[in-house]
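K.L.:
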Amino acid sequence: MLIHAARGLGKVDELGPRGATLVSMEETEAMAGALALFGLVPIPPGAPAPETLLITFEEPET
Numbered sequence: 163m164l165i166h167a168a169r170g171l172g173k174v175d176e177l178g179p180r181g182a183t184l185v186s187m188e189e190t191e192a193m194a195g196a197l198a199l200f201g202l203v204p205i206p207p208g209a210p211a212p213e214t215l216l217i218t219f220e221e222p223e224t
């Protein structure tokens with residue numbers, strides 16, 4: 163998943179707006195998955211933005 167996300171990001175990074183038109187559906191889904199994996203909170207269409215956009219993870223105390 164991260165390789166597909168990185169390839170899509172590479173297109174946008176290298177080519178700007180033109181690169182965004184070249185990103186495949188699979189790369190777009192992988193980028194969304196990567197953002198969720200890294201803790202970004204999804205906001206459904208029309209919903210207000212939550213106070214916190216990033217979920218932080220803490221190591222359990224032992």
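In this note's numbering, the protein residues as written are 163 to 224. By construction, the Cβ of each residue, glycine as well, lies at the ideal position given by its N, Cα and C atoms. Bear in mind that the values here come from a model prediction, so they are computed numbers and not experimental data.
Using only CA atoms, which one of L177, P179, A198 lies nearest to L215?
P.N.:
It is A198 whose Cα lies nearest to the Cα of L215.
K.L.:
For T218 versus G195, is the C-beta spacing smaller than 8 angstroms?
P.N.:
Cβ atoms of T218 and G195: not closer than 8 angstroms.
K.L.:
What three-state label does DSSP hand L202 in the structure shown?
P.N.:
Correct three-state label for L202: strand.
K.L.:
Are the CB atoms of E191 and R169 nearer to each other than 8 angstroms?
P.N.:
No, they are not a contact pair.
K.L.:
Residues in the same chain with beta-carbon distance under 6 angstroms from L184, minus the five sequence neighbours each way, listed in chain order, please.
P.N.:
Once the five neighbours on either side are set aside, the close Cβ partners of L184 are K173.
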